[in-house]
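Following: one structure in structure tokens, then a few remarks.
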Amino acid sequence: MPADVHPVTPDGRYFVVRGRLWRCADPSLSEDRRTALVAELMQARRAVGVVLRKADKAALAEARAGVDRAKVALGERGPVWWDDGTPDLNRRMVANTPYAEWFENGANDQG
-16 MPADVHPVTP DGRYFVVRGR LWRCADPSLS EDRRTALVAE LMQARRAVGV
34 VLRKADKAAL AEARAGVDRA KVALGERGPV WWDDGTPDLN RRMVANTPYA
84 EWFENGANDQ G
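Each step along the sequence shown adds one to the number in the working numbering, with nothing skipped, and position 25 is 8.
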């Protein structure tokens, strides 16, 4: 879990790596479902690595699509998993977001 290594925003929507926000997985997923999806994600990432060494463009596109499907199912990509209308800030620099003050007030000591 990112919270073990990287700071997580107070609302639990993002974790921060090198000053950039990354969307957390949907907390409403059951632990079993999340574990299964993470396994799918890791399998797809391994497939990308294998295919990169083979220089097969079609297979690479399919492997990357597998990564994307797993990330969307986890809630890390695609439609946001919250419903309060707050925009998605995924991949933005934390300093340029409403989380900037929180990060500067000590959260950046973690990651």
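Quick reminder that beta carbons are idealized off the backbone N, C-alpha and C, glycines included.
Predicted model only: the values in this text are computed from it and were never measured.
When the options are compared against residue i, the one with the closest alpha-carbon
{"i": "T18", "options": "A56, R6, D51, A48", "result": "A56"}
{"i": "D51", "options": "E23, T69, S11", "result": "E23"}
{"i": "Y67", "options": "V(-12), D(-6), H(-11)", "result": "Correcting the residue type first, residue 67 is Asp in the shown sequence and not Tyr. Of the listed residues, the one whose Cα sits closest to D67 is D(-6)."}
{"i": "M95", "options": "R36, D71, A46, E87", "result": "Only positions -16 to 94 of the chain appear in this structure, which leaves residue 95 out of reach."}
Rounded Cβ spacing between residue i and residue j (contact assumed at less than 8 angstroms)
{"i": "C7", "j": "R16", "result": "The pair is not a contact, with the Cβ atoms about 15 angstroms apart (cut-off 8 angstroms)."}
{"i": "L4", "j": "N88", "result": "16 angstroms between Cβ atoms; not a contact."}
Delimiting residues of the beta strand (DSSP E) encompassing residue i
{"i": "R145", "result": "The structure shown does not extend to residue 145, since the chain spans only -16 to 94, so no value can be given for it."}
Any C-beta of chain D under 7 angstroms from that of residue i
{"i": "W85", "result": "In the structure shown, chain D cannot be found, because there is only a single protein chain."}
The alpha helix (DSSP H) enclosing residue i, as first and last residue numbers
{"i": "V(-9)", "result": "No alpha helix (DSSP H) contains V(-9), which DSSP labels as neither H nor E."}
Cross-strand partners of residue i (DSSP beta bridge)
{"i": "R25", "result": "The sequence as given places Met at residue 25; Arg does not occur at that position. Bridge partners of M25: none, in fact."}
{"i": "V0", "result": "R3"}
**Prompt:** Is the segment 12 to 32 touching the segment 80 to 89, taking contact as three or more C-beta pairs under 8 angstroms?
**Reply:** no
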